[in-house]
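S.K.:
Number of protein chains: 2
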Amino acid sequence: MSEAKTSANPLFLREEELRQGIELLFFAYRDFTSEADAMLAKHKFGRAHHRVIYFVGRHPRISVSDLLDILAITKQSLSRVLSQLVTDGFIIQHRGPRDGRQRLLELTEKGVEMERQLTEAQRRRFARAYREAGAEAVEGFRKVMLGIVDDPARERFAQSRRDGGRDGGRERDQ
Amino acid sequence: MSEAKTSANPLFLREEELRQGIELLFFAYRDFTSEADAMLAKHKFGRAHHRVIYFVGRHPRISVSDLLDILAITKQSLSRVLSQLVTDGFIIQHRGPRDGRQRLLELTEKGVEMERQLTEAQRRRFARAYREAGAEAVEGFRKVMLGIVDDPARERFAQSRRDGGRDGGRERDQ
DNA sequence: CTTTTGGGTCAGCCTTGTTGACATAGTTAG
DNA sequence: CTAACTATGTCAACAAGGCTGACCCAAAAG
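Chains as they are written, first to last, in the numbering used here: chain A, 1 to 174; chain B, 1 to 174.
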């Protein structure tokens, strides 16, 4: 470890590697959201609407508080977009059968279609990246990304390797 | 909800794999920014200030328009945070020697220290994730992420494999 | 019956993006 | 030299999507 200067400095390489990771995450997230943002604008919706539609689609009949846990925003912030989505007929609310206080959320047909369209560009982007990178790289991507998310979010992915993770373990359920 | 449950459906697996990628990116980005956001709040700054400090630190004496190209925001949005950073003594502007219209940006000592503190939590997060995932996984992570970013951003990483990418190729430079 | 919980709502604030119009200094082309 | 273009800055107004704080109701839990 004595040869520095000539690009063989391990500390510098490490620092550079970390900064590249940081920047990759920044640019990837920004580009990743741009296409859906453009579609949303046509419907006078924003990114927050997409998130709600996405996770309600992913967890049919999810309760409001479970959705809040996933999104990690305040109920006032959620309320703003959720009520628009309900009013515009993309989401319906059912009174909880076991707990009558709950408003379980579900996409309408219109909502399902909207979700499909919005997420399609993102799925295509990932499909292309996965295909070009190869199966082994995808596994590495997953490992690194899992190391970056905080524990609460990591649990979402923990046991959901091949069971589809539809509801794997979560759902407070009264 | 018919069946196909038994994990043998390749189309379902693919769909699931793509959605996991989408979600990993969402949660990773959110958690990744949270620590720096908290520090920024103490200085009455926001995430936009961090971005400016970060990229000015990364590209000393960068011009305003080059910085705008990286951030992909309007000059009015940049101006708001940049002028605060200059006023507060985190960034200094030099008149361009070759082109007197340019205001080349550079971190002050105070700015360098601030950048270090802000980015440290993010570097640690990546360092931990990289270490736990292993070198091979890191390579896979890079491949997939590069596949997700759009072309303009991809060029940043293209030739900067082992030269540190300090200024590799960019810098419009009159 | 009282307390806690799930959910909703009003009101106001902040950051950070946007568009559009305009100003000014410096560079470059004719 | 003049005209045109370029780099940067600035004012004004707007929107999205976070936040806090206060308060409400209805249902569940004790």
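C-beta: ideal position from N, C-alpha, C; glycine also.
What does Glu136 of chain B reach in chain A if we use C-beta pairs closer than 7 Å?
M.R.: The residue labelled residue 136 of chain B in the question sits at position 136 within the second sequence. What Glu136 of chain B touches in chain A: Gly140.
S.K.: Excluding sequence positions up to five away, which residues of its chain have a Cβ less than 7 Å from the Cβ of Asp37 of chain B?
M.R.: Position 37 of the second sequence, counted from the first residue, corresponds to residue 37 of chain B. Cβ within range, chain order: Arg47.
S.K.: Output the boundary residues of the alpha helix (DSSP H) element that contains Gln117 of chain A.
M.R.: Stepping through the first sequence from its first residue, residue 117 of chain A is reached at position 117. First-last of the alpha helix (DSSP H) with Gln117 of chain A: Glu109 to Ala133.
S.K.: Under the rule that 16 or more other beta-carbon atoms within 10 Å means buried, what is Ala28 of chain B, buried or exposed?
M.R.: For the purposes of this step, residue 28 of chain B is taken as the residue at position 28 of the second sequence. Flag for Ala28 of chain B reads buried.
S.K.: Please name the residue in B:Ile148, B:Leu67, B:Glu139 and B:Leu146 whose C-alpha comes closest to that of Val144 of chain A.
M.R.: If you number the first sequence from 1, residue 144 of chain A lands on position 144. Closest option to Val144 of chain A, Cα to Cα, is B:Glu139.
S.K.: Just to confirm before moving on: does the CB-CB distance between Ile70 of chain B and Phe90 of chain B stay below 7 Å?
M.R.: In the second sequence, counting from the first residue as 1, residue 70 of chain B sits at position 70. In the second sequence, counting from the first residue as 1, residue 90 of chain B sits at position 90. Contact: no.
S.K.: Is it true that the CB of Val81 of chain A sits closer than 7 Å to the CB of Val52 of chain A?
M.R.: Walking along the first sequence from the start, residue 52 of chain A turns up at place 52. Walking along the first sequence from the start, residue 81 of chain A turns up at place 81. In contact: Val52 of chain A and Val81 of chain A (Cβ atoms closer than 7 Å).
S.K.: Check whether the region 109-116 of chain A touches the region 98-109 of chain B, taking contact to mean three or more Cβ pairs, one atom from each stretch, closer than 8 Å.
M.R.: Short answer: they don't touch.
S.K.: Tell me the residue span of the alpha helix (DSSP H) that contains Ile204 of chain A.
M.R.: Here chain A covers residues 1 to 174 and nothing more, so residue 204 of chain A does not appear.
S.K.: Does any residue of chain A bring its CB to less than 7 Å from the CB of Asp150 of chain B?
M.R.: Along the second sequence, one-based indexing puts residue 150 of chain B at 150. It does: the Cβ of Asp150 of chain B has a partner Cβ on chain A nearer than 7 Å.
S.K.: Do the CB positions of Ile22 of chain B and Gln122 of chain A come within less than 7 Å of each other?
M.R.: Indexing the second sequence from 1 puts residue 22 of chain B at position 22. Indexing the first sequence from 1 puts residue 122 of chain A at position 122. Contact: yes.
S.K.: Can you pull the chain A neighbours of Lys75 of chain B, defined as C-beta to C-beta under 8 Å?
M.R.: Taking the first residue of the second sequence as 1, we reach residue 75 of chain B at position 75. Residues of chain A passing the Cβ test: none, with the nearest at roughly 18 Å.
S.K.: Along the chain, where does the alpha helix (DSSP H) that runs through Gln84 of chain B open and close?
M.R.: For the purposes of this step, residue 84 of chain B is identified with residue 84 of the second sequence, where counting begins at 1. Lys75 to Thr87 is the extent of the alpha helix (DSSP H) around Gln84 of chain B.
S.K.: Tell whether a beta-carbon distance below 7 Å holds between Asp31 of chain B and Val64 of chain A.
M.R.: The residue you call residue 31 of chain B lines up with position 31 of the second sequence. The residue you call residue 64 of chain A lines up with position 64 of the first sequence. No. Outside cutoff.
S.K.: For Arg98 of chain B, which of helix, strand or coil comes out of DSSP?
M.R.: For the purposes of this step, residue 98 of chain B is taken as the residue at position 98 of the second sequence. Correct three-state label for Arg98 of chain B: coil.
S.K.: Consider the Cβ of Arg175 of chain A: report whether some Cβ of chain B lies at a distance smaller than 7 Å.
M.R.: The structure shown does not extend to residue 175 of chain A, since chain A spans only 1 to 174, so no value can be given for it.
S.K.: Hey, could you find the ends of the alpha helix (DSSP H) Phe157 of chain B is sitting in?
M.R.: Here residue 157 of chain B refers to the residue found at position 157 when the second sequence is read from its first residue. Taken as a continuous stretch (DSSP letters only), the alpha helix (DSSP H) holding Phe157 of chain B covers Asp151 to Ala158.
S.K.: For Arg156 of chain A, tell me which candidate among A:Arg98, A:Gly96, A:Asp66 and A:Gln76 has the shortest Cα-Cα distance.
M.R.: Position 156 of the first sequence, counting from 1, holds the residue named residue 156 of chain A. Checking every option, the nearest Cα to that of Arg156 of chain A belongs to A:Asp66.
S.K.: Below 7 Å CB to CB, which residues in the same chain sit around Tyr130 of chain B once its five sequence neighbours on both sides are set aside?
M.R.: Counting from 1 along the second sequence, the entry for residue 130 of chain B is found at position 130. Same-chain partners within the cutoff: Val138.
S.K.: Which word fits Phe12 of chain A, buried or exposed, when buried means at least 16 other C-beta atoms lie within 10 angstroms of its C-beta?
M.R.: The residue you call residue 12 of chain A lines up with position 12 of the first sequence. Exposed is the call here.
S.K.: For Gly134 of chain A, which residues of its own chain have a beta-carbon under 8 Å away from its beta-carbon, when the five flanking residues on both sides are left out?
M.R.: As a working note, residue 134 of chain A is residue 134 in the first sequence. Result list for Gly134 of chain A: empty, nothing under 8 Å.
S.K.: Between Gly100 of chain B and Arg61 of chain B, what straight-line distance do the alpha-carbon atoms span, to the nearest angstrom?
M.R.: For the purposes of this step, residue 100 of chain B is taken as residue 100 along the second sequence, with counting starting at 1. For the purposes of this step, residue 61 of chain B is taken as residue 61 along the second sequence, with counting starting at 1. When rounded, the distance between both Cα atoms is 13 Å.
S.K.: Hey, how far is the Cα of Ala74 of chain B from the Cα of Ala127 of chain B?
M.R.: Residue 74 of chain B sits at position 74 when you count from the first residue of the second sequence. Residue 127 of chain B sits at position 127 when you count from the first residue of the second sequence. Sequence check: residue 74 of chain B is Thr here, not Ala. Going by the C-alpha atoms only, they are around 33 Å apart.
S.K.: Along chain B, in chain order, which residues have C-beta atoms closer than 9 Å to that of Phe45 of chain A?
M.R.: On the first sequence, position 45 is the one that residue 45 of chain A refers to. The premise fails here: Phe45 of chain A is roughly 17 Å from chain B at the closest Cβ pair, so nothing lies under 9 Å.
S.K.: Grab me the residues of Arg95 of chain B's own chain with a C-beta within less than 8 Å of its C-beta, minus the 5 sequence neighbours each way, in chain order.
M.R.: To locate residue 95 of chain B, count along the second sequence from 1; it is residue 95. Gln102, Arg103 and Leu104, listed in sequence order.
S.K.: How many Å lie between Leu24 of chain A and Leu25 of chain B at the Cα?
M.R.: Within the first sequence, numbered from 1, the residue matching residue 24 of chain A stands at position 24. Within the second sequence, numbered from 1, the residue matching residue 25 of chain B stands at position 25. If you take the alpha carbons of Leu24 of chain A and Leu25 of chain B, they lie about 11 Å apart.
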